[in-house]
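Undergrad: When we follow the working numbering, the leftmost residue of the first sequence carries the number 10, and every step to the right adds one.
All C-beta atoms, glycine included, are put in the ideal place defined by N, C-alpha and C.
One structure coming up, written as structure tokens, with questions to follow.
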Amino acid sequence: MRHISRNDVMNLFNDIRARVIDALDAMVAAGDLPQGLDFANVTVEPPRDPAHGDMATNAAMVLAKPAGMKPRDIAEKLAARLTDGPIASVEVAGPGFLNLRLAPGIWQDQVRAALDGGEDFGRSTYGAGQKVNVEFVSANPTGPMHVGHLRGAVFGDALASLLGFSGHDVTREYYVNDGGAQVDVLARSAYERYREANGLEPQIAEGLYPGDYLIPVGEALKARYGDSLIDKPEEEWLVEIRDFATAQMMDLIRGDLALLGISMDIFSSERALYGTGRIEAAIERLRSAGLIYRGTLEPPKGKLPEDWEAREQTLFKSSEFGDDVDRPIQKSDGAWTYFAPDIAYHWDKIDRGFDQLIDIFGADHGGYVKRMNAAVKALSNGRVPLDVKLIQLVKLFKNGEPFKMSKRAGTFVTLRDVVEQAGADVTRFHMLTRKNDAPLDFDFAKVLEQSKDNPVWYVQYASARVHSVLRRAAELGVDVSDAALAKADLSKLDHPAELELIRKVAEWPRQVEHAARAHEPHRVAFYLYDLASSLHSLWNRGNDETGLRFVQDGDLDTTASKIALARSVGVVISSGLGILGVTPAEEMR
RNA sequence: GCACCCGUAGCUCAGUUGGAUAGAGUGACGGCCUCCGAAGCCGUAGGUCACAGGUUCGAAUCCUGUCGGGUGCACCA
Numbered sequence: 010m011r012h013i014s015r016n017d018v019m020n021l022f023n024d025i026r027a028r029v030i031d032a033l034d035a036m037v038a039a040g041d042l043p044q045g046l047d048f049a050n051v052t053v054e055p056p057r058d059p060a061h062g063d064m065a066t067n068a069a070m071v072l073a074k075p076a077g078m079k080p081r082d083i084a085e086k087l088a089a090r091l092t093d094g095p096i097a098s099v100e101v102a103g104p105g106f107l108n109l110r111l112a113p114g115i116w117q118d119q120v121r122a123a124l125d126g127g128e129d130f131g132r133s134t135y136g137a138g139q140k141v142n143v144e145f146v147s148a149n150p151t152g153p154m155h156v157g158h159l160r161g162a163v164f165g166d167a168l169a170s171l172l173g174f175s176g177h178d179v180t181r182e183y184y185v186n187d188g189g190a191q192v193d194v195l196a197r198s199a200y201e202r203y204r205e206a207n208g209l210e211p212q213i214a215e216g217l218y219p220g221d222y223l224i225p226v227g228e229a230l231k232a233r234y235g236d237s238l239i240d241k242p243e244e245e246w247l248v249e250i251r252d253f254a255t256a257q258m259m260d261l262i263r264g265d266l267a268l269l270g271i272s273m274d275i276f277s278s279e280r281a282l283y284g285t286g287r288i289e290a291a292i293e294r295l296r297s298a299g300l301i302y303r304g305t306l307e308p309p310k311g312k313l314p315e316d317w318e319a320r321e322q323t324l325f326k327s328s329e330f331g332d333d334v335d336r337p338i339q340k341s342d343g344a345w346t347y348f349a350p351d352i353a354y355h356w357d358k359i360d361r362g363f364d365q366l367i368d369i370f371g372a373d374h375g376g377y378v379k380r381m382n383a384a385v386k387a388l389s390n391g392r393v394p395l396d397v398k399l400i401q402l403v404k405l406f407k408n409g410e411p412f413k414m415s416k417r418a419g420t421f422v423t424l425r426d427v428v429e430q431a432g433a434d435v436t437r438f439h440m441l442t443r444k445n446d447a448p449l450d451f452d453f454a455k456v457l458e459q460s461k462d463n464p465v466w467y468v469q470y471a472s473a474r475v476h477s478v479l480r481r482a483a484e485l486g487v488d489v490s491d492a493a494l495a496k497a498d499l500s501k502l503d504h505p506a507e508l509e510l511i512r513k514v515a516e517w518p519r520q521v522e523h524a525a526r527a528h529e530p531h532r533v534a535f536y537l538y539d540l541a542s543s544l545h546s547l548w549n550r551g552n553d554e555t556g557l558r559f560v561q562d563g564d565l566d567t568t569a570s571k572i573a574l575a576r577s578v579g580v581v582i583s584s585g586l587g588i589l590g591v592t593p594a595e596e597m598r
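Laid out in structure tokens, this is it:
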């Protein structure tokens, strides 16, 4: 029998799949199957219909064609080799599925595994320690974060946690766009506030940042420079004020992130790439691969920009890597485009030894992903995969009414506004209740509502019920420590309604692994909702069937078994919420 | 015009990387509290998975085309 790691034991589905693969290997050895088959598509999954048993495998069907055999023949030979250990019985069904029934106690063992593992239950090693870089937020350092940044921030942080939980070595990274014209605008805006602090009338011209958040920056500048910069030409103060203001803005942003419980491992500066030869070196690397040339791009088809004119530019041959056209890396005046330092930046990430890169962009930057993918492919010789996740817009509502925002009118909503009104836990969970590429509605009234319409509340309510029942059992004299509960007689948990909940708990390792593979943390949120639903369902059955209540007056042993189940649900909820960055509730009052 | 994302119940959305009879919430209707937390649970109703082809044992899922919505399209970042 193949060696099974502790991790695989925790993921029952992987364990059973390993047994199926072993049986297939044995069939090959015995000549029942041809050599050289690929078992990668063999899956073991919970069947949708419970009547189909505990688990089902498609092995016979996916192997029929490559093996040149009938599914039914494979299925029957495979079935004969599977009834062993945890698998109690096997039947061939439908077009060639093998429906597996597990031996008594196997599911219950998963409850024990959850209690033994605690919040490590479901942790996996499939990431194999791979170094993954998750770059997210990367908001321009020109002001506080607003709602537009909020969702990407939560998504990136949760994805990073999810990958860490599944065995990756994760770095959270922020790319500071401090190299372009917008930080000069910031400097000029801050300068006006500096003049204001010196008692002069600020002249916030069109195009400057009007926000109040620069007023304290102006005062800090006064404290530092007095009036020595007043009426001096821009050349004398631009760089100093720019660097100062940028640093202040980054402090602001770090504070905003902290409100959400987000802490970056690294802030990488775009500006720091200039003048170090890093950009030139990155471009040179592409040039030596024959991917840089001087050329003139075709005008875009369809509506032609008014001021379009043919220009010779330095181009990157991104079209060789799936991009639609080649992309300019230098402007006509010879300065780098935004793309050039970004190429250098990604090369730097590759250079730092990451095995996998993930970028999180707003959906409005979708047009950028092909060229970035092309660059990373070219720079790493295809070694390092880049996955760009696009985050769709958040639509704000208040009691069903759309919340109009306008930067000009000063009514744009900051991240701080949202978190202070809704709370970090609610905000974070709600941001993850949609797939990243689907638009999301955020209604300040609804997210705070206490009903099952609100998934945050619903999951928290389940958590609170678990804690409630643990408290009651403790009052009756049950030792509710995990170590003690793990010793309870779990074979008492044999009612179909209880088994249904146990199955949900047992699915956690599998769900979290799938979520990690897909880079989709929202799956964790949906699973938790589902798990909460199963708990509520069992709970309410206890109203009619008193034998199903978690607390059984006068029978401490049975209570301990049932509390063990409740606690395993609680363990998974806090583990799952932990990945999402949400604190589980102990009570709702 | 081109590229990317999306199209699933009246509404808002999931859908286990191709599996068996497509699921939740909400809204509508009907049940369940002398009972561990009813802020909950159970049931009924509701579908041509935008449309048309194709791939195969098998498609909401993969490919092609069409329609509809969003986003982006040289010297902005």
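Is there contact between the region 335-347 and the region 390-397, where contact requires at least three CB pairs shorter than 8 Å?
TA: They do not touch, by the three-pair rule.
Undergrad: CA-CA distance, Asn20 and Val489?
TA: Cα to Cα, Asn20 sits roughly 25 Å from Val489.
Undergrad: Could you give the distance in angstroms between the alpha-carbon of Lys241 and the alpha-carbon of Ser198?
TA: Rounded to whole angstroms, Lys241 to Ser198 spans 15 Å at the Cα level.
Undergrad: Would you call the CB atoms of Leu494 and Ile572 closer than 8 Å?
TA: It is a contact, given that the beta carbons lie within the stated cut-off.
Undergrad: Taking C-beta to C-beta, are Ala88 and Leu111 nearer than 8 Å?
TA: Cβ distance not < 8 Å, so Ala88 and Leu111 don't count as in contact.
Undergrad: Identify, in the order they occur along the chain, each residue of the same chain with its Cβ nearer than 8 Å to the Cβ of Trp548, setting aside the five sequence neighbours on each side.
TA: Contacts found: Arg474, Phe559.
Undergrad: For Tyr536, does the three-state DSSP call read helix, strand or coil?
TA: It is helical.
Undergrad: Consult DSSP for Met36 and reduce its assignment to one of helix, strand or coil.
TA: Helix at Met36.
Undergrad: Per DSSP, Thr305 is paired with what?
TA: DSSP lists Glu321 as partners of Thr305.
Undergrad: Which residues in the same chain have their Cβ closer than 7 Å to the Cβ of Val487, if we skip the five residues on either side of it in sequence?
TA: Answer for Val487: Leu565, Thr568, Ala569, Ile572, listed in chain order.
Undergrad: If I'm right that Leu109 touches Ile25 with Cβ under 8 Å, what's the distance once you round it to whole angstroms?
TA: The pair is a contact, with the Cβ atoms about 7 Å apart (cut-off 8 Å).
Undergrad: If you measure between the beta carbons of Met154 and Arg90, is that distance less than 8 Å?
TA: Against a cut-off of 8 Å, the Cβ pair of Arg90 and Met154 comes out as no contact.
Undergrad: Which residue wins for smallest C-alpha separation from Leu409, given the options Val456, His374, Leu395?
TA: Per the sequence presented here, residue 409 reads as Gly, with Leu not at that position. The option with the nearest alpha carbon to Gly409 is Val456.
Undergrad: Taking its Cβ as the centre, do 16 or more other Cβ atoms sit within 10 Å of Gly188, making it buried, or is it exposed?
TA: Gly188 comes out buried.
Undergrad: Once the 5 residues before and after Leu540 are set aside, which same chain residues still bring their CB inside 6 Å of it?
TA: Only Lys513 meet the Cβ criterion.
Undergrad: Hey, Glu321 and Arg303 are a contact pair by Cβ (cut 8 Å); roughly how many whole angstroms apart?
TA: Confirmed, Cβ separation roughly 6 Å.
Undergrad: Please classify Asp265 as buried or exposed, where buried requires at least 16 neighbouring CB atoms within 10 angstroms.
TA: Looking at its Cβ environment, which holds 16 or more other Cβ atoms inside 10 Å, Asp265 is buried.
Undergrad: State yes or no: is the C-beta of Ile359 within less than 8 Å of the C-beta of Glu144?
TA: The answer is no: Cβ separation not under 8 Å.
Undergrad: Excluding sequence positions up to five away, which residues of its chain have a Cβ less than 7 Å from the Cβ of Pro80?
TA: Hits under 7 Å: Ala69, Met70, Ala73, Pro104, Gly105.
Undergrad: Using the rule of at least 16 other Cβ atoms within 10 Å of the residue's Cβ for burial, across every protein chain shown, is Arg480 buried or exposed?
TA: Exposed, since its Cβ has fewer than 16 Cβ neighbours within 10 Å.
Undergrad: At the level of alpha carbons, what is the spacing between Pro394 and His528?
TA: The alpha-carbon atoms of Pro394 and His528 are separated by roughly 13 Å.
Undergrad: Report yes or no: do the region 200-208 and the region 216-224 share at least 3 C-beta pairs separated by less than 8 Å?
TA: Result yes; three or more Cβ-Cβ pairs closer than 8 Å.
Undergrad: Are Leu557 and Ala506 closer than 8 Å when you measure CB to CB?
TA: Yes.
Undergrad: Could you say which of Pro350, Ala344, Glu289, Ile292 lies nearest to Ser277 if we only look at CA atoms?
TA: The shortest C-alpha separation from Ser277 is found at Pro350.
Undergrad: Looking at C-alpha atoms only, which residue of Ala291, Gly563, Pro308, Glu307 is the closest neighbour of Ile301?
TA: For Ile301, the nearest C-alpha among the options comes from Ala291.
Undergrad: Might you give, ordered along the chain, the residues of its own chain that have their beta carbon closer than 7 Å to the beta carbon of Lys98, omitting 5 neighbours on each side?
TA: Before going further, note that residue 98 is Ser rather than Lys in the sequence given. Excluding sequence neighbours, Ser98 sits near Thr92, Arg110.
Undergrad: Between the C-alpha atoms of Asp553 and Ser477, what's the straight-line distance to the nearest angstrom?
TA: Taking the straight line joining both Cα atoms gives about 20 Å.
Undergrad: Could you tell me which of Val179, Gln119, Arg132, Ala148 sits nearest to Gln139, measuring between CA atoms?
TA: Checking every option, the nearest Cα to that of Gln139 belongs to Val179.
Undergrad: Per DSSP, Ser277 is paired with what?
TA: DSSP lists Tyr184 as partners of Ser277.
Undergrad: Could you tell me how far apart the beta carbons of Val146 and Gly161 are, in whole angstroms, since I believe they sit closer than 8 Å?
TA: At roughly 6 Å, the Cβ-Cβ gap stays under 8 Å, so Val146 and Gly161 are in contact.
Undergrad: Mapping DSSP to helix, strand and coil, what is Gly173?
TA: Here Gly173 sits in helix by DSSP.
Undergrad: Using DSSP with H/G/I as helix, E/B as strand and the rest coil, what is Arg110?
TA: Strand, per DSSP.
Undergrad: Rounding to the nearest angstrom, what Cα-Cα distance links Arg380 and Ser327 in this structure?
TA: Distance between the alpha carbons of Arg380 and Ser327 is about 6 Å.
Undergrad: Taking the continuous beta strand (DSSP E) assigned at Phe370, which residues delimit it?
TA: Start and end: 365-371.
Undergrad: Note down the Cα distance separating Glu666 from Glu215, rounded to an integer number of angstroms.
TA: Because the chain spans 10 through 598 in this model, residue 666 falls outside it and cannot be assessed.
Undergrad: Considering only residues of the same chain and omitting the five flanking positions on each side of His439, which have a CB-CB separation below 7 Å?
TA: Answer for His439: Phe451, Val456, Val465, listed in chain order.
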